[in-house]
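If you read the sequences in order, they're chains S and D.
The first sequence lines up with residues 1 to 501 when you count with the numbering used here.
The second sequence lines up with residues 1001 to 1206 when you count with the numbering used here.
Cβ atoms here follow ideal geometry from the backbone N, Cα and C, with glycine treated the same way.
Below: one structure, written as structure tokens.
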Amino acid sequence: MRWIRPLSPEVEETAAILGAKAHGLVVLQRLGLPVPPGFVITTAACRAFLRDGRLPGGLDTELAAAVADLEAATGRRLGGPQRPLVVSVRSGASVSMPGMMSTVLNLGLTAEATAGLAAETGDPGFARDSRRRFLSSFASAVGEPVPDDAARQLTRAVEAVFSSWDTPRARTYRELQEIPQDLATAVTVQAMVFGNRDGHSGSGVAFSRNPTTGEPVPFGEVLFGGQGEEVVSGAALTRPLRDLADREPAAWAGLLEALDRVESRYRDPCYLEFTFEAGQPWVLQARPGRFVGGAAVRVAVDLADEGVIGRREALLRVSPRQLRLVRTPRIVAEDGADVLARGLGACPGVAVGRVATTAGQAVRMAADGPVILVRPETSPLDLHGLAAAAGVVTARGGPASHAAVVARAMGKPAVVGARDLTIDVADASVRAGGHTVPEGTLVTIDGTAGAVVMGRARIGTGGADPHLDRLLGWADEVSGGSSDRGEAARLGAAHAALRHG
Amino acid sequence: MTRPHATGADLLVLHTLRCIGFAGLARVAEAAGLPEADVESELIDLGVAGLVSHAAGDFGGWGLTEAGRAADADRIAAQLETAGARPAVTAAYDGFLVLNPELLDLCAAWQTRSVDGVLTINEHTDPGYDARVLDRLTALDRRAEVVGEALSAALPRFGRYRVRLGEALGRARAGALEYVTDSTASYHSVWFQLHEDLLATLGIPR
């Protein structure tokens, strides 16, 4: 086939053609990990689509053949009245462009297929829930009425994902990040696995080590009975990853195995997105953990101690610039910490203060000590409250929202898009996950991790750090320099010696 | 003799305060484009009428009362209908909404950079990067001019935003980096006040 490749361990092509997502899935398959079957439409097809304004000739035939293969592999039919095949349709360029492109999930759930899924599972509620998710996902990605023909749904979704490469926002993002405009995105089509299937299903994200401290303990969150998008978007209240061990031991064992194999392959901590359906775990995405600050230092030292990498590589893995982040305070991630809500970290740093639900209250309360302003969103009318507060939390909005921009301008820790929060100004309280938190309650926010924690949380202050001391000791050995310089200078000298030595 | 649909100084000051929130005299005057002495005189009259109040303290300033907010809503709606400007302002608002996410992305890109996928503060140590953001902002500003002109033609008071946005961009390009997102007269601040003004004018709740 010219435009389509199956997801299989034998596929040899690069991320430039398959996109990083599909390329990563192929790697997972080679590691023997459970990946839902599927295929990928290459970036070349996207470039042809963007150039000509229509899908390239022959793609429709290839798409039908690829779907037929997937139907054969799963024993299902796309849009079928019995045992319907339901698929995810995801974007994926060779470079990461978080949140810039489209995804359509639960595709194929026509009215008839939904009835078929209900009959097959004996669970009409699950089938309806999945169709509802499909309709909203299709509407936001494609923006036109949903055809009740599964093959046409797929074609429209593929076109929409291709088109999403070229929105003004995406173009601007690439220009600023110096990403070539002609890379284009691939489209990965996979059989859906349903985290919302039953009481033994769910989704989550997991790091092979703790991303805030670097400790060699798996860390993450899990949402029982939900699909992965809810976890990634922060739209749902999740449980600490450890809960999976007690509730679904088989899925937990499979996840630990996957974390171990992928970390060994990367020789670096990894991040996985996973789903378990009826107790059976599936890996949906893998990427390097990209730890920063103190966590990056600890991992480099630990991996050297474990013999995975040498000391020279350990030194090169931490940039001098990173060392400054070691000093950015973070809430120390703890399983079972009393997390009130999660959103997106919009301005790094930690703030502890009492909850205020209006700008006016923030100004009044600030006279008696630090205040955290908690709002649905902010506008210019809240500026005096933002000025008075030590930190800000909003229920809506993303990293470019008014609250995020103003908080950064003022250098205040901010968490935005904490969707689980409801702010009740009349009642002077905030609600989340069954808690009601009255105004004046002490909370801690972490503008890196995007967490809002009850009370005064344990904060990593970047004080004495034995791992950092050891790494810098190695740096001095390599550079022959002395330890009476700044930390970044010591590491920088070692880098220079390693690169030119 | 005022021009048709020109906005009297009392309504201009009242409505400016509606769109910028709590503010001191200097900020109100800058936003309204009027001399401080005139603005202060209007504020005192509005205060006597119970439409605005002044709060002391570090984060104090002038702000609307509930009555002031209601009065502004009535008067600004009446102006819109009298001028027959609703269709034009509605169309301009649709144009604004297309540009708004792009502007917000640029502001975020100005303040933050993704280093290995992790959000970090832009320290403005890379002139090439900053120049790329400012170039994109300049290109966006040119597209925003179309919206600005349509608004000014419908209601002349909107012309003040074009002046203020142009000043903010000019200062930022001249090296005063705080005029992108960080000062109270920054491009982001003025843009957001325009957003607030469009919502208030059209009577759309946030």
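Distance cut-off 7 Å: residue i Cβ against heavy atoms of the ligand SAM
i	result
R239(S)	Judged by which ligands are present, the structure shown has none, so any question about the ligand SAM falls away.
Nearest-angstrom Cα separation, counted from residue j out to residue i
i	j	result
I179(S)	Y1129(D)	13 Å
T1201(D)	A1073(D)	8 Å
G92(S)	R51(S)	19 Å
C367(S)	L340(S)	According to the sequence provided, residue 367(S) is Ala. The question's Cys does not apply to it. Straight-line Cα distance between these residues: approximately 25 Å.
V326(S)	A1131(D)	29 Å
T378(S)	A414(S)	12 Å
D302(S)	Q153(S)	49 Å
V35(S)	R261(S)	14 Å
A314(S)	P211(S)	17 Å
S203(S)	S102(S)	20 Å
A1006(D)	R1027(D)	22 Å
V1180(D)	R330(S)	28 Å
W1062(D)	R1113(D)	36 Å
R77(S)	L344(S)	39 Å
D129(S)	F224(S)	15 Å
L1199(D)	D1094(D)	11 Å
H500(S)	E1123(D)	28 Å
T231(S)	P466(S)	Rather than Thr, the amino acid found at residue 231(S) in this sequence is Val. Rounded to the nearest angstrom, the two C-alpha atoms are 34 Å apart.
A404(S)	Y266(S)	34 Å
A73(S)	V158(S)	21 Å
G349(S)	T448(S)	6 Å
D1197(D)	A418(S)	27 Å
F49(S)	D69(S)	24 Å
P320(S)	P1127(D)	20 Å
T14(S)	H23(S)	7 Å
R90(S)	A191(S)	12 Å
Which of helix, strand or coil DSSP assigns to residue i
i	result
T1201(D)	helix
H23(S)	helix
N1210(D)	With chain D covering only 1001 through 1206, there is no way to say anything about residue 1210(D).
E313(S)	helix
E10(S)	coil
A1176(D)	coil
G164(S)	The sequence shown places Ser at residue 164(S), rather than the Gly named in the question. S164(S) falls in the helix class under three-state DSSP.
D1135(D)	helix
V222(S)	strand
T43(S)	helix
W282(S)	strand
S1189(D)	helix
H495(S)	helix
F274(S)	strand
F126(S)	helix
V318(S)	coil
F194(S)	coil
Where the alpha helix (DSSP H) containing residue i begins and where it ends
i	result
F467(S)	Strictly speaking, residue 467(S) in this sequence is His, with Phe absent from that position. Run containing H467(S): 466 to 479, per the alpha helix (DSSP H) assignment.
Q361(S)	359 to 366
H504(S)	This structure cannot settle anything about residue 504(S), because the visible part of chain S is limited to 1 through 501.
E377(S)	Premise fails: E377(S) is in no alpha helix (DSSP H) and is neither H nor E.
G385(S)	383 to 388
V1013(D)	1009 to 1020
Residue closest to residue i, alpha-carbon to alpha-carbon, out of the options
i	options	result
I1158(D)	G1033(D), A1023(D), I1121(D)	The sequence as given places Phe at residue 1158(D); Ile does not occur at that position. For F1158(D), the nearest C-alpha among the options comes from G1033(D).
T1138(D)	E144(S), T114(S), T172(S)	T172(S)
A356(S)	P329(S), L344(S), M410(S), L442(S)	L442(S)
R1075(D)	H1015(D), L1199(D), E1145(D), S1183(D)	H1015(D)
V27(S)	A449(S), L272(S), V146(S), S88(S)	L272(S)
E1145(D)	R1164(D), P1127(D), V1133(D)	R1164(D)
L85(S)	H23(S), A65(S), V95(S), L107(S)	L107(S)
P281(S)	V425(S), A245(S), A139(S), A44(S)	A245(S)
V352(S)	E13(S), K412(S), E215(S)	K412(S)
R1160(D)	G1068(D), L1097(D), A1031(D), E1042(D)	A1031(D)
F1057(D)	I423(S), V297(S), T188(S), R364(S)	Before going further, note that residue 1057(D) is Gly rather than Phe in the sequence given. Taking only the C-alpha atoms, the option nearest G1057(D) is R364(S).
A416(S)	I41(S), S401(S), A118(S), E12(S)	According to the sequence as given, residue 416(S) is Val; it is not Ala. Comparing Cα-Cα distances from V416(S) to each of I41(S), S401(S), A118(S), E12(S), the minimum goes to S401(S).
Neighbour list for residue i in chain C, Cβ cutoff strictly below 9 Å
i	result
I1076(D)	Protein chains in the displayed structure are S and D, and chain C is not among them.
Residue i: first and last residue of the uninterrupted beta strand (DSSP E) it sits in
i	result
T436(S)	435 to 438
I423(S)	422 to 424
S264(S)	Per DSSP, S264(S) belongs to no beta strand (DSSP E); it is in the alpha helix (DSSP H), 249 to 266.
T444(S)	442 to 446
Contacting positions in the region 141 to 175 of chain S - beta carbon closer than 8 Å to chain D: Taking 8 Å as the cut-off between beta carbons, the residues of the region 141 to 175 of chain S near chain D are P168, R169, T172, Y173, E175, in sequence order.
Residues of the region 1124 to 1146 of chain D with Cβ closer than 8 Å to any Cβ of chain S, in chain order: Sequence-ordered contacts of the region 1124 to 1146 of chain D with chain S read Y1129, R1132, V1133, R1136 [C-beta pairs closer than 8 Å].
Interfacial residues, the region 1169 to 1189 of chain D to chain S, with Cβ spacing under 9 Å: Here the close residues are E1178, T1181, D1182, S1183, T1184, S1186, H1188, S1189.
Residues from the region 1031 to 1052 of chain D in contact with chain S, defined by Cβ distance under 8 Å: The residues in question: there are none.
Members of the region 408 to 434 of chain S that neighbour chain D once the beta carbon cut-off is set at 7 Å: The region 408 to 434 of chain S vs chain D, Cβ under 7 Å: R408, A409.
Residues, ordered as in the chain, of the region 92 to 115 of chain S that lie near chain D by beta-carbon distance below 7 Å: Listed by position along the chain: S96.
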